[in-house]
Structure formats: structure tokens, C-alpha cells
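Protein sequences, first through last, are from chains A and B. If you count by my numbering, then the first sequence holds residues 51 to 144, one letter each, in order. If you count by my numbering, then the second sequence holds residues 96 to 551, one letter each, in order. Even glycine gets a Cβ: it sits at the ideal position worked out from N, Cα and C.
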Amino acid sequence: MTTELFVGLYVFLLAGFIGYGVITGIPPLLHTPLMAFTNAISGISLVGSIVMAGGEFSGLTTFLGFIAVLAATINVVGGFLITDRMLKLFKKRE
Amino acid sequence: MSYTVETLYLVASVLFVMGIRGLTRPETARRGVLYAELGMACAVAGTLAHDDITSYRWIVVAGGVGAAIGIAMAALIPMTKMPERIALSHAFGGLAAALVGVCEYYLHAAELSRVTMGAIGFEVLFGSLTFTGSLMAFGKLQGLVSPRNITYPMQNVSNVGAFVALVALLVVLTIDPGQAGLFYVLFFTALALGVLIVIPIGAADMPVVIALLNSYAGLAAAATGFVLDNRVLIIAGALDGASGFVLSVAMSRAMNRSFANVLFGAFGQVAESGLQAEARAAHVREASIGDATLLLSSAPSVIIVPGYGMAVAQAQHAVRELGDHLESNGARVRYAIHPVAGRMPGHMNVLLAEADVPYDHLFELDAINDDFADTDVCLVVGANDVVNPAAKEDESSPIYGMPVLNADQARTCIVLKRTLSPGFAGIENDLFARENTVVVFGDAKETLSRMIEALA
Numbered sequence: 051m052t053t054e055l056f057v058g059l060y061v062f063l064l065a066g067f068i069g070y071g072v073i074t075g076i077p078p079l080l081h082t083p084l085m086a087f088t089n090a091i092s093g094i095s096l097v098g099s100i101v102m103a104g105g106e107f108s109g110l111t112t113f114l115g116f117i118a119v120l121a122a123t124i125n126v127v128g129g130f131l132i133t134d135r136m137l138k139l140f141k142k143r144e
Numbered sequence: 096m097s098y099t100v101e102t103l104y105l106v107a108s109v110l111f112v113m114g115i116r117g118l119t120r121p122e123t124a125r126r127g128v129l130y131a132e133l134g135m136a137c138a139v140a141g142t143l144a145h146d147d148i149t150s151y152r153w154i155v156v157a158g159g160v161g162a163a164i165g166i167a168m169a170a171l172i173p174m175t176k177m178p179e180r181i182a183l184s185h186a187f188g189g190l191a192a193a194l195v196g197v198c199e200y201y202l203h204a205a206e207l208s209r210v211t212m213g214a215i216g217f218e219v220l221f222g223s224l225t226f227t228g229s230l231m232a233f234g235k236l237q238g239l240v241s242p243r244n245i246t247y248p249m250q251n252v253s254n255v256g257a258f259v260a261l262v263a264l265l266v267v268l269t270i271d272p273g274q275a276g277l278f279y280v281l282f283f284t285a286l287a288l289g290v291l292i293v294i295p296i297g298a299a300d301m302p303v304v305i306a307l308l309n310s311y312a313g314l315a316a317a318a319t320g321f322v323l324d325n326r327v328l329i330i331a332g333a334l335d336g337a338s339g340f341v342l343s344v345a346m347s348r349a350m351n352r353s354f355a356n357v358l359f360g361a362f363g364q365v366a367e368s369g370l371q372a373e374a375r376a377a378h379v380r381e382a383s384i385g386d387a388t389l390l391l392s393s394a395p396s397v398i399i400v401p402g403y404g405m406a407v408a409q410a411q412h413a414v415r416e417l418g419d420h421l422e423s424n425g426a427r428v429r430y431a432i433h434p435v436a437g438r439m440p441g442h443m444n445v446l447l448a449e450a451d452v453p454y455d456h457l458f459e460l461d462a463i464n465d466d467f468a469d470t471d472v473c474l475v476v477g478a479n480d481v482v483n484p485a486a487k488e489d490e491s492s493p494i495y496g497m498p499v500l501n502a503d504q505a506r507t508c509i510v511l512k513r514t515l516s517p518g519f520a521g522i523e524n525d526l527f528a529r530e531n532t533v534v535v536f537g538d539a540k541e542t543l544s545r546m547i548e549a550l551a
């Protein structure tokens, strides 16, 4: 258990540093699409929700899992689409 | 877990990082989105193969309905409503994470190891806080809740008290995961704190709040990763958390305020007396649309400063059209974008991009601020606090020290405004009463269209 916790902490911290490094390089021009984009990515909690909604552990967990899958899917699908819709708007002068 | 599933998760993690890297340049950004979409597909595919899943019925229904809602929202929401949509999606993200945490606790409670319990505690805490906090932010942006800062006695004391109580609950639960009652107290206290913490924050500070909530949503997802021992969740959550953190630091720096000040320092108690405001109003020089158009059409260089008022009036297309006319007359037209103009990071850039303003015409504060002094006309469209010279000159001003655009240094400053009322921060703006400033009252979109008619 301790090993798993520490492996997790290594992964979290290293990913956090990579994220920090990459994201400071993103121009303010694209900050709104960035928020929509990371929002879609954080819809990754779909991974946990799917197991709850499909696991049939109990009525309550299936119901809460259902709501969670619904909320996370709205974020994933809507988030990616709206990011792309915004990015399409950014054009250089012809 | 099988090699296939682990490989899919690994590929997903790499694709997420590559996706975010794509956003460092407008040219590669859309490819970045594609990478992340593929990554998400891998992660979901891997999860659907999970051994614990015995029925796909509810997954398919929830996924189908969620996808339909997501598609509809993405297609129908106007760009001016982007801060509202982002706030709402943070709420969904927080809700999903919190619910997974509640389920995990409900199923295992006393059998949970301390590590897993701690992770569930974090997940539920951040998830619930993000859920209700983002709903409040949405309500304020949408005007369902008063956008002003709502204050009451002992506000900061009770918020800090609630936060300390949450940390204490988290510690007790980690030591003894069997305390089911306390777990639900933690859940509901976190929900309540989300509301309480956003209530006192005025709409002008929303860029910081939205960025912070973005970070919390990421941390909640990362905590879910620790609960489920799933690395792709940890990585995606960490990336999201880092992004929100970078943005909120950038936003508070642009307001010259600390996080603590934004969260606990509800300002807006306007110190100015009515007499002072009246004296100022007497100095404001009003210009007709014709006069203002004449000033603009004879100016060789123009800088346009957009603000939240442009979004409210949906005037971005009219702004671009006016800019085009001035350019075809031979003027040099540029746009100066303050980092906190609008209600979220990058708000103005997206609106102007929607109106087909090429992005190489949009300049950040540092890139353009020295050029105002050599500019003939600065046109302020619905911006207020971000051009307030008090931030540079008046040490008693609540925004003293905040970096502002030097609109006051242009030879002439034309301000389009509905009324003389102070900005959302509740601070009077001396720029409007300066000698080189003229104010054109009225709805920005209408004023701009009439200027365009006059120029055509």
C-alpha cells in the first residue's frame, strides 16, 4: 500500500511539473480554450464513474455512478467540441 | 489489470501531455485537441474492459444522454457566454469526482485502508467544494445571484472555521475510516463551504475564481486516481490542477492581489462621497457620435481597449467592422488586451477571434503599454477598471498597484459607456473626467454601428 501511494505521489508531482512547465508557455491568447480543454481532460473521472455505473454493487452506487457518468460525459464531449470550435476562430491575417 | 488496459492508459497519458503541448501555439492547437481526444478514447476503451463491470445498460444511457447534452451545449452556446459555460462544466467535473468518492466510501467504509480513506476524503472535499462553488460562480455570471460581493458579519471567521473543521474531519477519518457519520458531515460541509466561499466575491474577480475552481476540479480528479490506484487519472488531474494554478497566479498577478486577498478581502466598499462623484461627473465631457467618428477617422493610429461591456453588448463584430473601416482609411489599428478584461482568462481574445480579428492584431499588456503615448486615439469599449489611472497614481485606491493599460496617455481617449456608474469593483474611474477624454454614452453596439454608418 505504501509503495502504491508513493508511486502515485511520484506520478502526480512529475505530471504536475510537466503541466506547469508546458502551461506557462501557453500564450494568454489561448487561455479560454485552454480552460475548456483541461476541463474536457478532467472529465477523465469518467473512468471511475463508468465502473460505478456498470458494477451493480448496489442501487445507490449505480444511481450515483449514472449521474457521475452523465456529468463527466457532458464535460468530455462538450469540452473537446467547444475547444475546437473556439480554436477554429483564431486566424492570422491572410 | 491486463497489459492491454495498462497500455491503453499509458498511451492516453502520453497523448494528454502532447495535447496540452499543442496549445502552446495557435497553429498546432487543433492538432493538440485531436491528440487528447484520442487519449480519452483509449482511456474509456480500457475502462470499459474492467472486470467489475457486469452491465453496460446504465453506462450506455448516461453516456448517450451526456454526449447529446455536451454536443448541444458546445454547438449552441454563444462565445459571449463562455465564462458561464466553463463555470458550469467545472461544477459537473466536481460533481462526478465527489459522487465517485461517496460511492467508494459507501461500499467499503470501515474496510478502507488509511491511504485510500485519505484520498477519498480529498476527492470528496475538493469535488464538493468545486461543485457548489462553480454553481455559485455560474449564478453570479448569469445574474441569478447578485454579482456584487455579498458580505455579512464574521464572514471570514466562519469560512476559515468551516475550512479548519474540514481538515480536522479529514484527519479523524483517515485515522478511523469507520466513522461513517463524520464522512457525511465532511461531504455536506464541503458542499456548504463551496457556496460560502464564492458568495463574497464580486463578479470582477471571477477570472481568479474560475481559474482556482479549474485547479480544484483537477485535484479532485487526481485524488480519484489515488483512490482507484489509476495513474492516468492522476496524470490528467495533475495537468488540470497545474493549468488552473498557472492561470490563477497569472490572474491575481494581473490584479496585483494575492489569492488570500481575492478569497477573503471582498472589496468594493466605495470610500468616495457623493459630492466627489458629482464633482467628477461635472468634469466629464460628453461627445456626440459624429464628433467621436471625426476624431477616429482623422487618427493615423488607434488602439482599441475592449472590456466586459463589449461582451455584454455583444459588440465584438461591430468593433471589428469599425476597425476595418479605419484600416481601409490608412490608420494603424491594434487591440490592447488586459489579462483580466472580461470574466475569465482570455475572454476578450476569443470574442475578437469570433469577430474575425486576426490574432496578430491582439496585443498583451506588456507588449503594447509603452505605445499608448504615441497613439492618436484610444477607443475604450466597455472597459473600466483595467484602464483606471488610479491604479498608477492614487495610493488610497483599492486597485493601487494593479498593472493597467495606459489609455490615459493616448492623445485622445474615447470611452464608450452606458452610464457613469462605477465598474463591478465599485471603484470610480478618474480617466472619464480627464482633459483628453471624451465619453460617448449609449449602448456600445448601437454607438459603433452608427459610427460605421457615418464612416461608410
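Item                                                                                                                                                                               : Value
Kindly indicate if chain A contains any beta-carbon less than 8 Å away from that of residue 499 of chain B.                                                                        : no
Between the region 95-106 of chain A and chain B, which residues of the former have CB atoms less than 8 Å from a CB of the latter, in chain order?                                : 95, 96, 97, 98, 99, 100, 101, 102, 103, 104, 105, 106
Under 7 Å Cβ-Cβ, which residues of chain A neighbour residue 198 of chain B?                                                                                                       : 102, 111, 114, 115
Comparing the C-beta of residue 53 of chain A with each C-beta of chain B, is any distance below 8 Å?                                                                              : no
Which bits of chain A does residue 325 of chain B rub up against, with CB to CB less than 8 Å?                                                                                     : 97, 98
Please state if the CB of residue 485 of chain B and the CB of residue 492 of chain B are separated by a distance shorter than 8 Å.                                                : yes
Compare the C-alpha of residue 346 of chain B against each of B/540, B/499, B/544, B/163 and name the closest.                                                                     : B/499
Can you find a C-beta in chain A that's less than 8 Å from the C-beta of residue 205 of chain B?                                                                                   : no
Starting from residue 337 of chain B, find everything on chain A with Cβ-Cβ shorter than 7 Å and list it in chain order.                                                           : 66, 69, 70, 73
Output needed for residue 123 of chain B: all residues of its chain with C-beta closer than 7 Å, excluding positions within five of it in sequence on either side, in chain order. : 117
Name the chain A residues whose beta carbon is nearer than 7 Å to that of residue 111 of chain B?                                                                                  : 91
Quick one: what's residue 510 of chain B bridged to in DSSP?                                                                                                                       : B/475, B/534
Pull up the distance between the alpha-carbon of residue 364 of chain B and that of residue 354 of chain B, whole angstroms please.                                                : Here residue 364 of chain B scores only 41 on pLDDT, less than 50, and its place in the model should not be relied on; the value that follows carries that caveat. Those two C-alpha atoms are separated by around 19 Å.
Quick check on residue 550 of chain B - is its C-beta less than 8 Å from some C-beta in chain A?                                                                                   : no
Against residue 128 of chain B, what residues of chain A qualify as contacts under a CB-to-CB distance less than 7 Å, listed in chain order?                                       : 87, 130, 133, 134, 137
To the nearest angstrom, how far is the alpha carbon of residue 89 of chain A from that of residue 69 of chain A?                                                                  : 14 Å
List the endpoints of the continuous alpha helix (DSSP H) containing residue 423 of chain B.                                                                                       : 411-423
Is residue 454 of chain B closer than 8 Å to residue 79 of chain A when the C-beta atoms are compared?                                                                             : yes
For residue 101 of chain B, go through chain A and note every residue whose CB falls closer than 9 Å to its CB, in chain order.                                                    : Chain A residues near residue 101 of chain B: none, gap ~13 Å exceeds 9 Å.
Under 8 Å between C-beta atoms, does residue 347 of chain B make it to chain A?                                                                                                    : no
Is DSSP giving residue 457 of chain B helix, strand or coil here?                                                                                                                  : strand
With 16 other CB atoms within 10 Å as the buried threshold, where does residue 130 of chain A fall?                                                                                : buried
Please report how far the alpha carbon of residue 440 of chain B lies from the alpha carbon of residue 99 of chain B, in whole angstroms.                                          : 39 Å
Quick check: the Cα distance between residue 393 of chain B and residue 426 of chain B, rounded to an integer number of angstroms?                                                 : 8 Å
Quick one: measure Cβ to Cβ for residue 181 of chain B and residue 136 of chain A, integer angstroms, because I've assumed they're closer than 8 Å.                                : Contact doesn't hold; Cβ gap of about 11 Å is too wide.
Taking the alpha carbon of residue 274 of chain B as the point to measure from, which residue in B/139, B/200, B/432 has its own alpha carbon closest?                             : B/200
Within the chosen definition, does the region 144-151 of chain B reach the region 95-114 of chain A through at least 3 CB pairs nearer than 8 Å?                                   : yes
What is the DSSP secondary structure of residue 138 of chain B, counted as helix, strand or coil?                                                                                  : helix
Rounding to the nearest angstrom, what Cα-Cα distance links residue 362 of chain B and residue 151 of chain B in this structure?                                                   : With a pLDDT of only 46 at residue 362 of chain B, under 50, the local geometry of the prediction cannot be trusted, and no value is derived from it.
According to DSSP, simplified to helix, strand and coil, what is residue 379 of chain B?                                                                                           : coil
Residue 306 of chain B and residue 342 of chain B look like a contact to me (Cβ under 8 Å); what is the Cβ gap, rounded to whole Å?                                                : 4 Å
For residue 75 of chain A and residue 536 of chain B, what's the separation of their Cα atoms in angstroms?                                                                        : 40 Å
Beta-carbon separation of residue 189 of chain B and residue 333 of chain B under 8 Å?                                                                                             : no
Here's the rule I'm using: 16 or more other beta-carbon atoms within 10 Å means buried, otherwise exposed. How should residue 251 of chain B be labelled?                          : exposed
Buried or exposed for residue 259 of chain B, going by 16 or more other Cβ atoms inside 10 Å?                                                                                      : exposed
Among B/524, B/545, B/543, B/510, which has the Cα closest to the Cα of residue 533 of chain B?                                                                                    : B/510
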